[in-house]
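Scroll down for the structure; my scribbles are underneath it.
Protein chains: 4
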Amino acid sequence: MMTKNKKKELTAAFIAVRAQTEALCAPLEIEDYSVQPIVDVSPPKWHLAHITWFFEEFLLRKFDSNYQDFHDDFAYLFNSYYNNAGDRVIRPNRGLMTRPTVSEVYAYRKYVTQSVLDLLERTEDESILDLLEIGINHEQQHQELLAYDIKYILGHQPLFPTYKTDIKLISEENLDTFIHITEGLYEVGHKDDSFCFDNELGAHKVYLQDYKIAVAPVTNGEYLEFIHAGGYKNFNYWHAEGLDFIRNNKIEAPMYWHNVNGDWYYYNYEGLEKIDMRLPVMHVSFYEAFAYAEWKGMRLPTEFEWEIAAPQIKHGQVWEWTGSAYLPYPNFTKDEGALGEYNGKFMVSQHVLRGGSIATPKGHCRPTYRNFFHPQHRWLFSGIRLAK
Amino acid sequence: MMTKNKKKELTAAFIAVRAQTEALCAPLEIEDYSVQPIVDVSPPKWHLAHITWFFEEFLLRKFDSNYQDFHDDFAYLFNSYYNNAGDRVIRPNRGLMTRPTVSEVYAYRKYVTQSVLDLLERTEDESILDLLEIGINHEQQHQELLAYDIKYILGHQPLFPTYKTDIKLISEENLDTFIHITEGLYEVGHKDDSFCFDNELGAHKVYLQDYKIAVAPVTNGEYLEFIHAGGYKNFNYWHAEGLDFIRNNKIEAPMYWHNVNGDWYYYNYEGLEKIDMRLPVMHVSFYEAFAYAEWKGMRLPTEFEWEIAAPQIKHGQVWEWTGSAYLPYPNFTKDEGALGEYNGKFMVSQHVLRGGSIATPKGHCRPTYRNFFHPQHRWLFSGIRLAK
Amino acid sequence: MMTKNKKKELTAAFIAVRAQTEALCAPLEIEDYSVQPIVDVSPPKWHLAHITWFFEEFLLRKFDSNYQDFHDDFAYLFNSYYNNAGDRVIRPNRGLMTRPTVSEVYAYRKYVTQSVLDLLERTEDESILDLLEIGINHEQQHQELLAYDIKYILGHQPLFPTYKTDIKLISEENLDTFIHITEGLYEVGHKDDSFCFDNELGAHKVYLQDYKIAVAPVTNGEYLEFIHAGGYKNFNYWHAEGLDFIRNNKIEAPMYWHNVNGDWYYYNYEGLEKIDMRLPVMHVSFYEAFAYAEWKGMRLPTEFEWEIAAPQIKHGQVWEWTGSAYLPYPNFTKDEGALGEYNGKFMVSQHVLRGGSIATPKGHCRPTYRNFFHPQHRWLFSGIRLAK
Amino acid sequence: MMTKNKKKELTAAFIAVRAQTEALCAPLEIEDYSVQPIVDVSPPKWHLAHITWFFEEFLLRKFDSNYQDFHDDFAYLFNSYYNNAGDRVIRPNRGLMTRPTVSEVYAYRKYVTQSVLDLLERTEDESILDLLEIGINHEQQHQELLAYDIKYILGHQPLFPTYKTDIKLISEENLDTFIHITEGLYEVGHKDDSFCFDNELGAHKVYLQDYKIAVAPVTNGEYLEFIHAGGYKNFNYWHAEGLDFIRNNKIEAPMYWHNVNGDWYYYNYEGLEKIDMRLPVMHVSFYEAFAYAEWKGMRLPTEFEWEIAAPQIKHGQVWEWTGSAYLPYPNFTKDEGALGEYNGKFMVSQHVLRGGSIATPKGHCRPTYRNFFHPQHRWLFSGIRLAK
């Protein structure tokens, strides 16, 4: 019975998630679907197909002996990084695939969605449900990446086109309020039996020193003070490699900010608009978050400080860079086979972000969720929270 | 009267050329229009808009005082390399422009075509006709580039899609026949008052030594012997920089050739097919053409040897690499302003090709026409003719 | 009195350290002093001058009002990375400076050494002694870098020349022995008032889970088993970026290892010699250390696990990669001015190594010492210790 | 008898050339010998050894059956680009070889010089003398390259050291005088039986149009007018790739020119000195020479125009960029084997310079001599002569 409910719930979630991904893409022109302006930004068409391939590879091929592949070569075209699942198109070439067309990819989606629903109807095998749940969460993660990538693609068009969406920030308050957490032993990591990724498992004790943490993230208005104070020019605020990064790339403000005759504008899905000073600052690299904190005489919280304080602070508008490198928890173990490549092999040279953004699907904003990006990345919905 | 006939002819030519360009693109999917897989290959959408901008910039803006630009930013988006015509999107970013869409570009074409036709109806100014003729020839040059770029885009898809076209090679004969031209003084360059480009002007005398030149270009079958004889491995046949080029790029055969289990195939618009040994070899770089000739104990003809022999030899299937660098003729002069940038500023580091290919619009195959590319280029329809 | 002893001791240490650096370089030819084969490897001449400039900049210019610079431009030539100390030659150009000559640099050393000794004789200012101690430790750190860089320079000569030294490894024992540390709260970081760097300060409590840690580092013999088992080929053992690293650089063994007709040799200061299986493996990147541990079904210890276990384990032959990223301790603070750039600005994208190597000056092998390098570095004397 | 005289003369020339090369290097410090600041600039030590290897490889190994190689690995270390002579150190790594030392290379020179002299004493074989003559000319070419490379190495030291030499320019006169050559058939190429390189052979007729050519090369003063007139800013004077070149490299003046507080200085072996306006301009690329001519409304002469005018014009201070690409003469043939690689394989993508410079050994200044460099090169002693 347990299973029956779970199956019913997951089936509904599956249908909803598949529809939601397509809703995200509905405002796009065909031309917007195929382009890869930088290596990190995948074409929307690729996302649509890749998250479909994920269900095909890990569900249909494993559990449906009658399943016919939609196309012989799609595994090669739409595998992202799973070495255990075979060869694949190298990442920088995703934007060169004009075929299959967008409409063929939608046909692929439809075919796989229906095949999964058919399989779910027939099966009683509980292990399918676990993989289905991973697949749903995987597609949700790509929904957020789609929001980033669509913004990047459109926000770098010379004509700044409009994309209709309700992914919108709201004003922040209580800007100067800090809460105090006292020194002591705390427990972190995912504990109950709800869904989580492997990198959150292994709940364990950590010892934290006394700290204070801001109730709200840093706003555009506050960040602009840093710019005006020459923050991008004073080398003392920056990591050595952060300084190289902003100098080599001539960075003087967050991504999407443009200075037009002395006034600051940004691209925000609607087109180019004046900066709203009350909204949280977004699209900063770890280096910029760190430099801002240095300028304030403070620091970024560690991921554990963040997690312990989470119930008392406002979060969920922007992913917040923490001072913690992305490393395995004690007792971290990887799955056998391709799914073991999901998180573990990225645990080096990246930093943890916590919180969730306005583009994050509900349920991914749990306090134990560990997001991670390289310190120079700015196209994600990243912001800053101060600690001291 | 002269003018009236000329106007009538050019108007008809203009209409035909505009239609022909769109016919070339008709078999494409929307997705194929926007991609730029390498810097040299421009997106078909860009070609469609650029050759339209050319008429807008050099005809409508100059001669039609009532002309309203179709869009304020298109000059910035679709100028290719004319510094005198203002700023422009840098070349490597042509493939990142998802907007304007393909259908907007077709609307742009329609608007400009009609505006030119309206202007032609109203005007009696002969200088317009000269610019119109340049514009027509310019669009024809881009038709050939479109053929190259479409082939590159589709030929580099993992799925090798089909493109319907009658751009097709025919078999060569008389392979081992050479004609003999005797030493003496000859005249080269464009002489009569038909249309030509500035780089052909300045007819002048040249003194040629005795030489023999092949009646037909080298075939796939002949070129395959070079491959089988280890031609790509023997450094003695290659320029030093040619050797670096084939080694660094792991080149072992012409572009589009694939060795599948020991048999040679190529992509030729229809998909992947077995090599036809009787067709002229195509898609070789200057380095390969040179190395092939070295292996045969012969050489490539100079552009003047080619031009003098042209009436007695078969040509027009592939552009033929000559041994001549692309340099100005004696008394070469450039136009004032942007059109002066058409040819002159490229007269360094390139090699001249003569003849014309199956993708070359009629009229561009004249014996004085000087085509030019860098020695490493292979995506054009280039082949080899021997001399000794 | 305290001061008088301290001054006496430090003066003696200063003299000894200055002599020791020159002893390290004594076996070099003039030609070996100036070369910079990769960006990371600085020319020995540059080291000799830079560590001298350090005393000039931070001691003599600050405290000796009569001090005359040895040369106006040496600050520009030999500043390493201190933005607060002014402009400098960019790092990749260190190997292009043929002037000043080696003998001029030795004259510079002599002049500065004598000036420091004169100043010490005259002064009673205790703060000088602190800076002197930093300078001595700084020069000692460069002694170790000199050992790395000399090995790199000579070990990459086609002729594998000999360098006379007693920097030599000894055999390891107790290879399969692990000790067990029980879960609980521990204290880490530098506590007493002996010398340490700023990155070790801020002793604090950490909570460790139960773990086992090897008594000895991994040997060449053990590592060779990993190679023979196809460890460099199996992607499942590697970080994604580690896999890219070994593939792009065609890495199949530690740095300095050469496979000659099926037998493994390495360059080890004496020339090319057969691998000694009983010695600790050296010259591996973090990626290789991690992959080795994965293959063993174990992991690398964290830096805190290492520090707590240090008294019970053998260490000091090779720096041991830990699983910890190089990040600031709680309450880490930087000095004002240039010395604040010593460590803090590197606390991103690097990994901590603990232990000390055969090239590490005595006193730097303390258990709290935090060495740090990027995960791809291999030219340091780095090795592997397992934990589980 | 003929032979006896020839042998005597060549033996004397050999001794003189060997001594002259060492005289060029005498003012260097050991440190200056080993550095390779850019790929094009080889370390003086490498030159010293390479030109010695040339005699060893092509004379001693071929004709002296008792000859013992000085060192087994020197052929590998000091072969420049002769594929037929075996593997070699790749060019960018020449500057990393600290061993053999400078004094070992001088010992190598001495050994080979003596071995050649011994062989000459014993032999009556005339073909040795031809190879000896090539070797002497080869060493002379490297003497000129040594002058360039030494200037580059010292001129890029932050301290601008002095190098004692009598390689010095003298003032130019008759600046605005042009001579007129009438249209007609002329003969070019090397005719008599004196020594020349293979690329000069094949004397042949060329037809030249009427032209005027300047009696003297362009001076620093004249070139400065071009700079002041904004010549480096006006895109209309430049080849497209020339414009990219000066923009990407931020070039605003000839190499070695420095603008210090509004005044122009250059490095000229003595140190940094004020520009002398009456001397010929030196260290310009082909692109700059071309742009200067465009600005003057003139052009560069072709290599044949230059050769025919040579007897009537002053030359020999700077190599003069011609408008001619470096291509084979009619009937050009290469030697069998390694010496066939001497010139032929470079006949693409380079431009011909004619005339000879103050660093050119006597005898290399003959009017038929074809020097060649890539259009962006500036470290040679290159200048400008105008034609129209």
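These protein sequences, in sequence, are chains A, B, C and D.
For the first sequence, position 349 (counting from the first letter as 1) is numbered 349 according to this note's numbering, and the numbering increases by one without interruption.
For the second sequence, position 18 (counting from the first letter as 1) is numbered 18 according to this note's numbering, and the numbering increases by one without interruption.
For the third sequence, position 66 (counting from the first letter as 1) is numbered 66 according to this note's numbering, and the numbering increases by one without interruption.
For the fourth sequence, position 101 (counting from the first letter as 1) is numbered 101 according to this note's numbering, and the numbering increases by one without interruption.
Glycine included, every Cβ here is placed at the ideal spot set by N, Cα and C.
Being a predicted model, the structure only gives us computed values, none of them experimental.
Hey, quick one: how far does the beta strand (DSSP E) through residue i stretch, first residue to last?
i: His204/A; result: 204 to 208
i: His258/A; result: 257 to 260
i: Gly184/C; result: 184 to 188
i: Leu272/B; result: 272 to 274
i: Tyr369/B; result: Note, Tyr369/B: premise wrong, no beta strand (DSSP E); not H, not E.
i: Ala310/B; result: That residue, Ala310/B, is in no beta strand (DSSP E); it is neither H nor E in DSSP.
i: Asp263/D; result: 263 to 267
i: Gly323/C; result: 319 to 325
Can residue i and residue j be called in contact, C-beta distance under 8 Å?
i: Thr52/A; j: Tyr108/A; result: yes
i: His138/C; j: His47/C; result: no
i: Ile358/C; j: Ile153/C; result: no
i: Trp295/D; j: Ala387/D; result: no
i: Leu60/C; j: Val105/C; result: no
i: Leu10/C; j: Leu129/C; result: yes
i: Pro328/B; j: Gly316/B; result: no
Identify, in the order they occur along the chain, each residue of the same chain with its Cβ nearer than 7 Å to the Cβ of residue i, setting aside the five sequence neighbours on each side.
i: Met1/B; result: Bear in mind that a pLDDT of 46 at Met1/B, under 50, signals an unreliable position, so the number given afterwards is only what the model happens to contain. If we look at Met1/B and ignore the five residues flanking it on each side, it has no Cβ neighbours.
i: Leu380/B; result: Tyr148, Trp319, Phe373
i: Asn236/C; result: none
i: Glu341/C; result: Tyr81, Tyr82, Asn83, Asn84
How big is the Cα-Cα spacing for residue i and residue j?
i: Ile30/A; j: Leu77/C; result: 56 Å
i: Ala253/B; j: Gly242/B; result: 14 Å
i: Glu187/A; j: Thr368/A; result: 11 Å
i: Asn5/C; j: Thr360/C; result: 26 Å
i: His190/B; j: Leu201/B; result: 5 Å
i: Asp118/A; j: Phe70/A; result: 15 Å
Let me see if you follow: with CB-CB separation under 8 Å, is residue i close to chain E or not?
i: Thr101/D; result: Among the protein chains in the structure shown, which are A, B, C and D, there is no chain E.
Give every residue of the same chain whose Cβ lies closer than 8 Å to the Cβ of residue i, excluding the five residues on either side of it in the sequence, and list them in chain order.
i: Asp125/A; result: Phe63
i: Ala85/B; result: Glu57, Ala75, Asn79, Ala338
i: His258/A; result: Trp264, Tyr265, Tyr266, Tyr267, Leu272
i: Lys274/D; result: Asp263, Trp264, Tyr265
i: Ile308/B; result: Ile181, Tyr186, Val188, Leu208
For the alpha helix (DSSP H) containing residue i, name the first residue and the last one.
i: His391/C; result: Nothing in the structure corresponds to residue 391/C, since chain C is present only between 1 and 388.
i: Gln113/C; result: Sequence inspection shows Thr at residue 113/C; the Gln mentioned does not correspond to that position. Where Thr113/C is concerned, the enclosing alpha helix (DSSP H) stretches over 102 to 122.
i: Gly230/D; result: Taken as a continuous stretch (DSSP letters only), Gly230/D belongs to no alpha helix (DSSP H), as it is neither H nor E.
i: Trp295/D; result: 286 to 295
Using C-beta distances below 6 Å, list every residue in its chain close to residue i, excluding the 5 sequence neighbours before and after it, in chain order.
i: Cys25/B; result: Pro44
i: Ser349/C; result: none
What residues in the region 197 to 228 of chain B bring their beta carbon closer than 7 Å to a beta carbon of chain D? Within the region 197 to 228 of chain B, the qualifying residues are His204, Lys205, Val206, Tyr207, Gln209.
Using a Cβ-Cβ cutoff of 9 Å, what residues of the region 237 to 267 of chain A are near chain C? List them in chain order. Residues passing the 9 Å Cβ filter: Trp238, His239, Ala240, Glu241, Gly242, Leu243.
Residues within the region 124 to 139 of chain D neighbouring chain C, beta-carbon criterion of under 9 Å: Within the region 124 to 139 of chain D, no residue qualifies.
At a CB distance below 9 Å, what residues from the region 318 to 329 of chain D approach chain B? Give them in sequence order. Taking 9 Å as the Cβ-Cβ cut-off, the region 318 to 329 of chain D approaches chain B at Gly323, Ser324, Ala325, Tyr326, Leu327, Pro328, given in chain order.
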